[in-house]
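Protein sequence lines correspond, in order, to chains A and B. Everything in the first sequence is counted per full-length UniProt numbering, starting at 1 for the first residue and increasing by one. Everything in the second sequence is counted per full-length UniProt numbering, starting at 1 for the first residue and increasing by one. Glycine included, every Cβ here is placed at the ideal spot set by N, Cα and C. All values reported here derive from a predicted model rather than from experimental measurement. Below: one structure, written as structure tokens.
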Amino acid sequence: MAATATFGLLRRVTLKQTKYKLFYALNNAPTDMKLRYVHSVFCKSTFCTEASGKEIERDKSTKSTISKAMRLYLERSREYEEFMRKESINYKIGRRHLANMMGEDPETFTQEDIDRAIEYLFPSGLFEPRARPLMRPPEEVFPQRKEAEFDESGRPYHFLFYTGKPNYYQLLHDVVTHLNGLNKYEDEMIRRHSYPGEADVVDFSGSEWISKDNLETLLVETINEREYDNFVKVMERLSHHPYAFRIRDFISKYRKLLISQTKASDIPKPLLGEDGKSRITVTEAQRKTARASATITHPGTGKITINGADILYFERIQSREQLI
Amino acid sequence: MILSLVEVLAEVMTQMKYLVSLRSSIVAGKAIVNFSRCLTAPLVNKQYSSYAPYFVEPVYKKEVQKSLAESGDLSKLAHVPIKPAQNDDTSSVYHEDIVRKFTNYVMRKGKKELARNLVEKAFENIKRIQLEKYNGGEANVETNPVLIMDKAISNCKPLLTLTPIKRGGVRYQVPVPITEKRSQFLAINWLIMAAKEKERTVHFPEKLAWELLDAYDNKGRVVKKKQDLHRQCEANRAYAHYRWS
């Protein structure tokens, strides 16, 4: 385990060797030598005589003896960044061209405009919406990858790198920070005898926590079921704090809006007639092959007319009960 | 007397399963396994619904909608997909859940109208019989057929049932607890089966009315059947532990 601390992810061949050496050294060397060996592996010092040759070389000049694997890793991450940059430039230029083609202002050409333009220029008969041609910023099209996680000397940038899932644990860390902050604020408020109002309670009924897959794409890391459940529990705890409204934005980032089943625009508005009575007509009502439209008048007489006939149009009492 | 004993037995059974499973875990050193579930739950999940599992049942009764609005749960339903209401789910004043369920059990070959007519006629017969008693000067005569049906069904509900369990090559009839839904199903089914066993000249609604009235008074064939079952369970209580080992 000590060996992994100094090296990056990729040096598996030398890892085994150093591990074996460490094991051998720890079991067979005298105690003071053991300590010095371990110390050298951690601190990259040149005191210990049992330190491997490669380590001494590295300590002398970090830049010239960067390992091949490390170099390849850094190259790959640089290539990816370069590629994304180019794609981003292409996308921006492409957007302007598209705006010119459609005869619109390139400055105010939004993503919705792009979608409409593509649909117009490349009409597709494919059923699956994801199979149709699209033009999106490269971040949405290409899978996100992490930038170089550690520098040339092998020191990682993120303080939680060694957890294996730095972004996930960073998120949990942030949640706990927020929680502590809110608790402090609450204490302060209680000291001043001030309590949160009814209007301040955040209503999350129209949304749900983002799915595991969405969280994975957000964090650019793979998460297992247990970790996801943990995330949900922690976020629930945070969102139930009386002062959660202060960090509403942070919480909303991890909430997915549920589509309202009946939008306000779908409900028809009553039309006022000449006789002072308002009417609503619901058309396109259907069941199996039956098609119907219904008109309701308010204020009314209570009479029911179906195709000119009374409620007795329906022979079954069950059907009549459905009307009343 | 037997009823109360069986009730106690039913209670003990449901509590015992936790104790026995705990004991087995201590003795065997294994994780707690709830074997009782293997017997009552189906092995294959047969979900043929045309709606996804997250679809919610509709709320069509005005009183229920009102209570939801008061408690604040109605706003949550706005964001959840809801299944469409069935044809016999109405917000009519005359709508009763127990009557709808009973009608569905009476129905054969999808003839809902016939089933509904039969049940309506049975109610009419109940009303006539009860009115005769009421006008005859009897005290405490219940004339509402819906209430009579409700009480009759609850009087016929068994609390335990026997299930065959094979141990050592022998099949024992072991008393096991029963879910509320299953209990209700058995009660309604027994009533309908009893109403079907009749003379050729007697019509089904008439016989059904008699059966319902008998069950309401805690006498008659269906209640006897339930009591026989309870007696059997009581007699076989020695095999109760076969449920777990």
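In summary, Asn125/B is buried, with 16 or more beta-carbon neighbours lying within 10 Å of its beta-carbon over all protein chains present.
For Tyr105/B, the secondary structure class from DSSP, reduced to helix, strand or coil, is helix. Put simply, the CB of Glu321/A is near chain B, with a gap under 7 Å to one of its CB atoms.
Scanning Ala187/B, Leu159/B, Lys66/B for the CA closest to the CA of Val222/B turns up Ala187/B.
As a beta-bridge residue in DSSP terms, Ile82/B pairs with Val56/B. By the neighbour-count criterion, in which a residue is buried when 16 or more other Cβ atoms sit within 10 angstroms of its Cβ, Lys111/B is exposed.
Residue pairing for Pro175/B: DSSP places it in a beta bridge opposite Leu162/B. Where Ser49/B is concerned, there is no enclosing alpha helix (DSSP H), because DSSP gives it neither an H nor an E. Sorting Ala122/B, Asn140/B, Val176/B, Glu57/B by C-alpha distance to the C-alpha of Leu229/B places Val176/B at the top. Cβ contact annotation for Tyr169/A (same chain, cutoff 7 Å, sequence separation greater than five): Leu160, Thr163, in chain order. Looking at the backbone, the Cα of Ser75/B and that of Gln232/B are separated by about 50 Å. For Glu81/A, the enclosing alpha helix (DSSP H) starts and ends at 68-102. Residues of the segment 91-112 of chain B that bring their beta carbon within less than 8 Å of a beta carbon in chain A comprise Ser92, Tyr94, His95, Lys112, in sequence order. In terms of beta-carbon proximity, Asp73/B stays away from the interface with chain A, with every pair separated by 7 Å or more.
For the pair Thr90/B and Glu321/A, the CB atoms are nearer than the 7 Å cut-off. DSSP places Trp244/B outside both helix and strand once states are collapsed to three, so it counts as coil. For Ile324/A, the C-beta contacts it makes with chain B under 7 Å involve Ser92, in order along the chain. Shown in chain order are the members of the segment 184-207 of chain A whose Cβ falls below 7 Å from a Cβ of chain B: Ser205, Gly206. Going by DSSP, Ala195/B is part of the alpha helix (DSSP H) stretching over 180-196. DSSP, read as helix, strand or coil, puts Arg246/A in helix. Proximity of chain A to Lys76/B at the Cβ level (cut-off 9 Å) is accounted for by Ser205, Gly206, in chain order. Interface residue (Cβ-Cβ distance to chain B less than 7 Å): Gln318/A is classified as such. Residue nearest to Asp266/A within the set Lys184/A, Val282/A, Ser278/A, Leu272/A is Val282/A (criterion: CA-CA distance).
Among the residues facing chain B, Leu258/A is included, as its CB has a counterpart in that chain under 7 Å away. Contact between Ile114/A and Leu98/A is confirmed by a C-beta separation of about 6 Å, below the 8 Å threshold. Residue pairing by DSSP places Thr281/A opposite Thr295/A in a beta bridge. The beta carbon of Pro58/B sits closer than 8 Å to those of Ile82, Lys83, Pro84, Ala85, Asp89, all from its chain and outside the five residues before and after it, given in chain order. Following the DSSP letters along the chain, one finds Glu208/A inside the beta strand (DSSP E) bounded by residues 207-209.
Within chain A, not a single residue places a beta-carbon under 7 Å from that of His241/B; the smallest gap is close to 37 Å. Just so you know, the alpha carbons of Asn224/A and Pro166/A end up roughly 14 Å apart.
Flagged as an interface residue toward chain A: Asp88/B, by a C-beta distance shorter than 7 Å. Contact annotation: Phe122/A and Pro133/A have beta-carbon atoms nearer than 7 Å. Less than 7 Å divides the Cβ of Phe245/A from the Cβ of Val202/A.
When the beta-carbon positions are compared, Ile66/A and Glu152/A come within less than 7 Å of each other.
Boundaries of the beta strand (DSSP E) around Leu257/A: 255-257. Bridge partners of Leu272/A according to DSSP: Ser278/A.
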